[in-house]
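According to our numbering, the sequence shown is numbered sequentially starting from -6.
Where is the CB? At the ideal position from N, CA and C, for every residue including glycine.
Since the structure is predicted, the reported quantities are computational estimates derived from the model, not experimental observations.
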Amino acid sequence: MLAMDDRIEQMREMVARLNAAADAYYNGRGELMTDFEWDALFDQVKELESETGVVLPDSPTNRVSADDVAGQKEAHEFAALSLAKTKKVADIAKWAEDRPIWISWKLDGLTLVVTYDNGRLSKVVTRGDGHVGTNITHLAPGIRGLPQRVKETGHLVVRGEAVISYADFEAFLAESQEDYANPRNLASGSLTLKDSDGVKAVDELLRRKLRWIPFSLVHAEREFASWGAQMDWLEEIGLEAVERERVDTPSETNIQATIDRWTDRVTSKANPYPVDGLVVTYDDVAYAKTGSVTGHHATRAGLAFKWQDETAATTLERIEWSCAVASISPVAVFEPVALEGTTVKRASLCNISECERLGIGGPGTELSVIKANKIIPKVVAVTRKAGKFEIPSSCPVCGAPTEVREAESGTRTLRCTNDRCAARELRKFMRFVSKDGMDIDGLAGETLAKFVNKGWIKTVADIYRLGEHRADIAMMEGFGDKSAANIADSIEAARSREATRFLVALAIPLCGIDVAKRLLRTVSSAQELFDKAANAPSDDIFAEIDGLGAVRSAAFVQWCKVPANQALVADLLSLVTLSMPAAAPVGGSCAGLTFVITGDVHHFANRNELKALIESLGGKTAGSVSKSTSYLINNDVTSTSGKNKKAKELGIPVISEDDFLARFAAAGKPPAAPAPSPSTLTQGEFDL
């Protein structure tokens, strides 16, 4: 056994590694070790602390890991302590003491402490180190699930997790030029955003679709005996609390059965958000407050359950390089192994830095793999290296030279040097198949990326030729005959669309739904419109169209004059049939009126739908408040936003969505629906 001094030195080295990895994890930088590795090292430190009786001041067992979000620091009104964790169901049963408990998700994001006063949002602070966090209230409008008002007066403090769904994470990676290892990494990095180059941090945050989900009522000016009642009440006042299940008789058997059900939802991907375990909470609020505080853990505040990761040994067969917009990512393909009830044979290696950290070699290298949090296949260790890790010198999609770039975080990634590489056009491909575009089901960003890497899609017109590869698609991992048939059927259905969708799908700068409709109303066919723009003597040929102006006209004309775009349009028009939009209504309840819409909408999928209704009633819409504005529609009529202030200065009425429907569209009022995620294309414009 090592001498005491040597064991303490060993602890120092382990603690330093853990803290460096936690710092990267909590602050949106490159991943230094997996959760699996971190937990194993953490447990070793705890064991050494128990054996030696020494706990180092900076040991993660003795403090809360902190985010490092830049900004104004602020002390928490109520300390945000961490939860003790376990991987054993028996520990939960013992801790429960036969008292009713609740099981809920341990969401994998960034904890935010939110304060409301007299029904209004007054403060949003990151967790920080549990005692001091960073005030990010200015970013609140960009975070979904964080309403400006709730149906409760008095002082209210709620903790919740800011998370990004797997689907939104994949979509963001597909259309951005940034590299993030996982949704948690993106969520934490998003809270460091600042206004830059004309891009508002709040708008960029909305594009990333960060959502705040409350999991703890910290303080309210009313008493609750039950944790479940607290969560129900949060939902009654307008907050969407974490999903949960009560276990009335918490025997080991009952707890295991409940955890198994929740685990099945993780492995089947039925839960849209990333989680790294479950949280166990007493239903009895008063009893939960009677525990002691050990280090940074309140012993009865709750218990975190972490899954035991099943590991498997396998051998690397090859490394494939997958292109997606900004980077070319390595993927390990290995001998198939059984993990968590499924067969796994490939796992992303993220980037060059991760390959170097693991010590990846060539074919024959022996690996240890897991399914992180029961979902994502991951290489966690190299047990024996064979051969050499080779970095390709040319892009696997277009053949152009590659280069290794290093980010500020130190993460090294491989990039294609060809700005016109099909892989870098993925954002445009996603726009083309989107709901606002040609609306082709079954072609999400991840699927499109796979087809691009196969060389099947080089321009958006190639999407209509995917039927030629139907047999190959059916043979691909994760597809099959039914998926291939569904994709083929969706593509065929999308061969007939309204011309408005076609213009929007092409991702022409500043040409959203509203601009497309206005342009098309001046011609008899889409072909005529493109010909007119391509042969225009000047860029302002469409400037006199109501609602367009010189800037939008120039953007459209300049795009249409590019030979490559002309060839693309000609190719597409040979593959699709386009119908023209209906003529603009002459009369209606909104005739002669101009509306500006701001904030979330509740009765429509997005603001574009409300704009379409206004236009169908003979009205016009604009993006900013001016003297010509008739009404500003804002569901928060008492807001102090810039548009509300300007409307009041000009004497323009500010009405809610319900006011508008009652006054102008009562007969055709749509059914109420839950508040949707705000559209990232709120003004009907798309600027690449």
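Asked: Sub-9 angstroms separation of I506 and K604 beta-carbons; Found: yes
Asked: For E67, the residue or residues it bridges with in DSSP; Found: G126
Asked: Counted within 10 angstroms of its Cβ, other Cβ atoms place A660 as buried (16 or more) or exposed; Found: Its pLDDT being 48, under 50, A660 is placed unreliably by the model, and nothing is read from it.
Asked: Whole-angstrom distance between D269 and V8, CA atom to CA atom; Found: 22 angstroms
Asked: Distance between R600 and K187 (C-alpha atoms, nearest Å); Found: 25 angstroms
Asked: Rounded C-alpha distance that separates L11 from D257; Found: 30 angstroms
Asked: The alpha helix (DSSP H) enclosing F425, as first and last residue numbers; Found: L419 to V426
Asked: According to DSSP, residues forming a beta bridge with R408; Found: E396
Asked: Three-way DSSP call (helix, strand, coil) for G438 in this model; Found: helix
Asked: Beta-bridge pairing of A73 - partner residues as DSSP gives them; Found: According to DSSP, which records beta bridges pairwise, A73 is partnered with nothing at all.
Asked: Endpoints, beta strand (DSSP E) assigned at T119; Found: R113 to T119
Asked: Per-residue burial, Y173 [other beta carbons within 10 Å of its own, 16 or more giving buried]; Found: buried
Asked: Sequence ranges, beta strand (DSSP E) only - wholly within the stretch 488 to 546, length at least 3; Found: 489 to 491
Asked: At least 3 beta-carbon pairs within less than 8 angstroms: the stretch 517 to 525 vs the stretch 557 to 572; Found: yes
Asked: Sequence ranges, beta strand (DSSP E) only - wholly within the stretch 148 to 212, length at least 3; Found: 148 to 156 and 204 to 212
Asked: Beta-carbon spacing of G592, S634 below 9 angstroms; Found: yes
Asked: Integer-rounded CB distance, given that A467 should sit under 8 angstroms from V445; Found: Rounded, the Cβ-Cβ distance is 18 angstroms, inconsistent with contact.
Asked: Endpoints, beta strand (DSSP E) assigned at I94; Found: I94 to L100
Asked: Boundaries of the alpha helix (DSSP H) in which K638 is found, first to last residue; Found: G635 to L643
Asked: Stretch pair the stretch 213 to 231 + the stretch 142 to 149: three plus CB contacts closer than 8 angstroms; Found: yes
Asked: Stretch pair the stretch 411 to 431 + the stretch 448 to 464: three plus CB contacts closer than 8 angstroms; Found: yes
Asked: Touch test, the stretch 544 to 555 against the stretch 490 to 505, Cβ-Cβ under 8 angstroms, three pairs minimum; Found: yes
Asked: At least 3 beta-carbon pairs within less than 8 angstroms: the stretch 364 to 373 vs the stretch 335 to 353; Found: yes
Asked: Cβ-based neighbour list, A529, same chain, cut-off 6 angstroms, excluding 5 preceding and 5 following; Found: V550
Asked: Of the residues I94, H462 and I480, the one placed nearest E238, counting alpha carbons only; Found: I94
Asked: Integer Cβ distance of T404 from S346, believed to fall under 8 angstroms; Found: 5 angstroms
Asked: Member of P243, N175 and A155 whose CA lies at the smallest distance from the CA of F162; Found: N175
Asked: 9 angstroms Cβ cutoff met for A100 and P267; Found: Residue 100 is actually Leu in this sequence, not Ala. In contact: L100 and P267 (Cβ atoms closer than 9 angstroms).
Asked: Three-state secondary structure (DSSP) of Y280; Found: helix
Asked: N- and C-terminal bounds of the alpha helix (DSSP H) containing E238; Found: Run containing E238: none in the alpha helix (DSSP H); it sits in the beta strand (DSSP E), R237 to V240.
Asked: Neighbour-count burial assignment, D276, 16 or more Cβ in a 10 Å radius; Found: buried
Asked: Backbone CA spacing between R5 and R350 [nearest angstrom]; Found: 21 angstroms
Asked: Best match in I206, F165 and A155 for proximity to S181 [C-alpha to C-alpha]; Found: A155
Asked: Any 3 or more C-beta pairs closer than 8 angstroms across the stretch 116 to 124 and the stretch 207 to 217; Found: no
Asked: Contacting residues, own chain, Cβ-Cβ under 7 angstroms from T79 (five flanking each side not counted); Found: I85, L296 and F298
Asked: Of the listed residues I353, E399 and G392, nearest to D382 (C-alpha basis); Found: According to the sequence provided, residue 382 is Phe. The question's Asp does not apply to it. F382 has its Cα closest to that of I353, out of I353, E399 and G392.
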